[in-house]
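With the first letter of the sequence shown counted as 1, position 62 gets the number 65 in my numbering; the numbers rise by one all the way through.
For every residue, glycine included, the Cβ atom is placed at its ideal position computed from N, Cα and C.
Quick caveat: nothing in here was measured; it's all calculated off a predicted structure.
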Amino acid sequence: MSFSFTQNCTNSPSLLSLWQSNVFSLFSSQGESNSGTPVIQLRLAGENRKHHEGRVEVFYNGVWGTVCDDDFSIYAAQVVCRELGFVDAESWSPSAKYGRGEGQIWLDNVYCAGGEKSLAQCGSNGFGVSDCKHSEDVGVVCNQKRIAGFKFIRNQVEDVRIRATYAHRKRVPITEGFLEVKDGGKWRQICNEEWTEMNSRVICGMYGFPGEKRFNVKSYKLLAKRRKKNYWGFSVNCTGNEANLATCKLGRAIELKGNSTCGKGMPVVVSCVPGRAFAPSVSTGFRKAYRLEQPLVRLRGGAMIGEGRVEVLKNGVWGTVCDDNWNIRAATVVCRELGFGSAKEALTGARLGQGIGPVHMNEVECSGFEKSLTECHFNRDSLGCSHEEDAAVRCNIPAMGFHNRLRLNGGRNPYEGRVEVLAERNGSLVWGTVCSDSWGTMEAMVVCRQLGLGFASHAFQETWYWQGDSSADAVVMSGVRCSGTELTLDQCLHHGKYVHCPRGGGRFAAGVSCTQTAPDLVLSAQVVEQTTYLEDRPMYALQCAHEENCLSSSANKADASSYRRLLRFSSQIHNNGQSDFRPRAAPHSWVWHECHRHYHSMEVFTHYDLISLNGTKVAEGHKASFCLEDTHCDDGIQKRYECANFGAQGITVGCWDTYRHDIDCQWIDITDVKPGDYIFQVVINPNYEVAESDYTNNILKCRSRYDGQRIWTYNCRIGGSVSSEAEETFPGLLTNQLSHR
């Protein structure tokens, strides 16, 4: 089933076109199974097809997947078609006739006798057990006749839309309008005599809005009088906790007089409340009036807006949710709480990366009406749960038209190219380029997110090798500086009406490349805290480190017999992301250091700082990545990177790289530091040279007390791991104030 907003006036602002969805599918019923049979949903999808045919797709364990054609038969096709509400199957097709699916292949070697009520009751290798490829995806053709009395809306309606007039579009953002359903190829209104707020709640959730609201009935009554009426013959019965109208049931058949009137009622109107991130403002397009409070739930590690690993705040510490019993209803509570609509998917198995810290919730059970996930019932005992079981969500979000204001041009594929923006010049909208001065990873991150392309893999300050649109060569945006949290590039700081770009556009126009997955480096706070100590080392033993600028500036005047006091510690850096961490520079451009006789693949991999309680930096150090490799890996993961013999450098997902305390530059030179209380800070990938899915956890801060002879390091914390109130107890740089310039 696809859903779309439409508009009546083609000259009105074209945000509406973005509400349109291209996917059409029919969903089977979903219910509780008392027999132990897995609960699934079915749909028909694919290319060049009619509504009663398509690739068979199965929704199981929160994920859509396909069915392999091995051993499939007309009997299996009959089970599929009847489960979808058709009376019978006409035929089935092997070898991905309707196009290749993506992701999981849920079922293989399916054997049905023909009398099963669900495909889940047929024999198979088991869910997820398959040796097939998507070139073997099976499809079916069902008889178009419906099963009499089949009571799920998904099997009665071809499409749904909210239809708003241009007049209302000027007064309201696109959040309300007449509701229409497509049945038998014709759009029809629904009589509102038995319509409820719970029905509206479900519709709003599908369109990315957390809730419904009242509307001006009088104005819509006037509009309804002028509209041609063609009512649908059923009422709708939603409980309100459904994630999609497809899972609501049909109400009674409505007796219509000539199919043109609806008794004392009128066509259904739905009006939705936008979440705080999407609240409209005439001047900026976004309202900033919401009072910011410490959230209890957040999403981390997602490539798109409205998706990520679910994390909850408990006793001032952020932790994850175990995926035991995790389902679409709990995911929808999370999505609505965060200002999105209902959930599209409830993800399990750390699909969006592993978190850190405690697992706060397990076996979560929600009614669907809770205002927060923390109000749901759950098992506080998370024994047996690991971060490999971290739950995640993908939420429905409003289609605001962001991707229509930005494009990539000239790249080898849709995920890369010169950045071109739509800007107003002399009263008209024109495409132009972005000045690459100060252009970096954070700006590229915003571009990729705005276009729905995931994470940024690279930010380019020269794009002469990408032939963009010659009519868009002029620079229309300059001085762009992003924090990385913006939804659109025009929300970033940038020059106003007058563009200033000394380098000019052309070959120096900004560019990006995007990726669906990214690494996520996290430092072990425990290792740092347990390995910190002081060493007094003579200058004559520090010549190589001195050449690599690993000592404080006073060492430049020190004689060879003097000593430097070094704060030493070990670093253990884990990759908890979804792809390997690789140096941006290719091996041929790595820098050779003769004294230590090794290459630096990243000239600055970490920053080490000692900061006073008033925020002043009193000592610093840095570490070049002379060897990024897999020191150790989780069970079952093979090491891929080893520095020996000029090998490939990087950190594999699920592995970690250890820099021992006894190697050069793994220290801060505190020779000139006076006794006192300080903040010890470590930042990984400080210049954002390599894109990651989450930069907030790249910083570690510890309390340190130095008495002139000894040092105590305690209370070490990873950035973003505690509440904002707890974060404020650490003076100096806050996690979200790190500069990447």
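Can you give the Cα-Cα distance for residue i and residue j, rounded to whole angstroms?
| i | j | result |
| --- | --- | --- |
| LEU524 | MET542 | 33 Å |
| ARG585 | ILE654 | 7 Å |
| LYS216 | ILE682 | 49 Å |
| ARG103 | LYS189 | 30 Å |
| HIS610 | TRP329 | 39 Å |
| GLN297 | HIS635 | 37 Å |
| SER727 | HIS54 | 51 Å |
| THR674 | SER574 | 21 Å |
| GLU86 | CYS325 | 32 Å |
| PRO522 | GLN357 | 11 Å |
| GLU2 | SER138 | Nothing in the structure corresponds to residue 2, since the chain is present only between 4 and 744. |
| PHE130 | CYS388 | 22 Å |
| GLY371 | ASN382 | 17 Å |
| CYS84 | ALA116 | 14 Å |
| GLY88 | LYS231 | 31 Å |
| LEU45 | GLU60 | 6 Å |
| GLY457 | MET307 | 6 Å |
| PHE608 | PRO590 | 16 Å |
| GLN620 | CYS553 | Gln is not the amino acid found at residue 620; the sequence shown has Lys there. Approximately 16 Å between the Cα atoms of the pair. |
| TYR234 | TYR101 | 33 Å |
| VAL515 | LYS642 | 30 Å |
| ASP419 | PHE281 | Per the sequence presented here, residue 419 reads as Glu, with Asp not at that position. Cα-Cα distance, rounded: 27 Å. |
| VAL132 | PHE649 | 40 Å |
Would residue i pass as a contact of residue j if the rule is Cβ separation under 7 Å?
| i | j | result |
| --- | --- | --- |
| VAL437 | LEU376 | no |
| VAL725 | VAL320 | yes |
| VAL271 | GLY254 | no |
| GLN124 | THR40 | yes |
| ILE400 | GLY211 | yes |
| VAL433 | LEU409 | no |
| GLY413 | TRP469 | yes |
| GLY305 | LEU355 | yes |
| ARG303 | ARG312 | yes |
| ALA528 | ILE721 | yes |
| TRP109 | TYR78 | no |
| ALA447 | ALA462 | yes |
| ARG166 | GLY180 | yes |
| HIS601 | VAL594 | no |
| THR444 | TYR691 | yes |
| GLY268 | ASN219 | no |
| ALA512 | ARG421 | yes |
| VAL276 | GLY214 | yes |
Just to confirm, does residue i get its C-beta within under 6 Å of one of the non-hydrogen atoms of the ligand SAM?
| i | result |
| --- | --- |
| GLY214 | The ligand SAM is not part of the structure shown, which contains no ligands of any sort. |
I'd like to confirm the pairing. Which residues does DSSP put opposite residue i in its beta bridges?
| i | result |
| --- | --- |
| ILE614 | LYS620 and ILE682 |
| GLN669 | Note: GLN669 sits in no beta bridge, so no partner. |
| MET364 | VAL324 |
| LEU45 | VAL61 |
| PHE458 | THR518 |
Of the choices the options, whose alpha-carbon is the least far from that of residue i?
| i | options | result |
| --- | --- | --- |
| GLY57 | ASP74, SER76 and ALA80 | ALA80 |
| ASP186 | ASN365, VAL205, THR178 and ARG164 | ARG164 |
| GLY639 | ALA647, GLY657 and LEU631 | GLY657 |
| ASN318 | HIS363, TRP329 and ARG339 | HIS363 |
| LEU616 | ALA513, TRP593, ASP680 and LYS642 | ASP680 |
| GLY49 | TRP235, VAL144 and LEU122 | VAL144 |
| GLY126 | ASN112, CYS135 and ASN701 | ASN112 |
| ILE702 | LEU248, GLN684, GLY243 and GLN519 | GLN684 |
| THR518 | CYS275, VAL693 and SER133 | VAL693 |
| VAL531 | TYR662, ASP583, GLY723 and GLN652 | TYR662 |
| GLY278 | PRO176, GLU197 and GLY387 | PRO176 |
| GLN748 | GLU179, ARG571, GLU551 and PRO522 | No information on residue 748 is available, as it lies outside the stretch 4 to 744 that the chain covers here. |
| PHE75 | TRP95, SER203 and ILE308 | TRP95 |
| GLU93 | ASP134, LYS148 and ALA402 | LYS148 |
| ILE666 | GLN652, ASP710, VAL141 and CYS630 | CYS630 |
| LYS704 | ASP710, GLN712 and TYR717 | TYR717 |
| ARG713 | ASN688, PRO678, GLY514 and ILE687 | PRO678 |
| ARG567 | SER486, GLN546 and SER222 | GLN546 |
| MET201 | VAL273, ARG452, ILE614 and ASP327 | VAL273 |
Touch test, the stretch 533-550 against the stretch 490-508, Cβ-Cβ under 8 Å, three pairs minimum: Cβ pair count under 8 Å is below three, so no.
Check whether the stretch 339-346 touches the stretch 385-400, taking contact to mean three or more Cβ pairs, one atom from each stretch, closer than 8 Å. Three or more beta-carbon pairs separated by less than 8 Å link the stretch 339-346 to the stretch 385-400, which places the two stretches in contact.
Can you confirm whether the stretch 471-483 touches the stretch 492-502 when touching is taken to mean that 3 or more C-beta pairs between the two stretches lie within less than 8 Å? Contact between the stretch 492-502 and the stretch 471-483 is present, with at least three C-beta pairs closer than 8 Å.
If you pair each beta-carbon of the stretch 229-244 with each one of the stretch 193-208, do three or more pairs fall below 8 Å? For the pair of segments examined, the stretch 229-244 was found to touch the stretch 193-208: the number of CB pairs separated by less than 8 Å reaches three.
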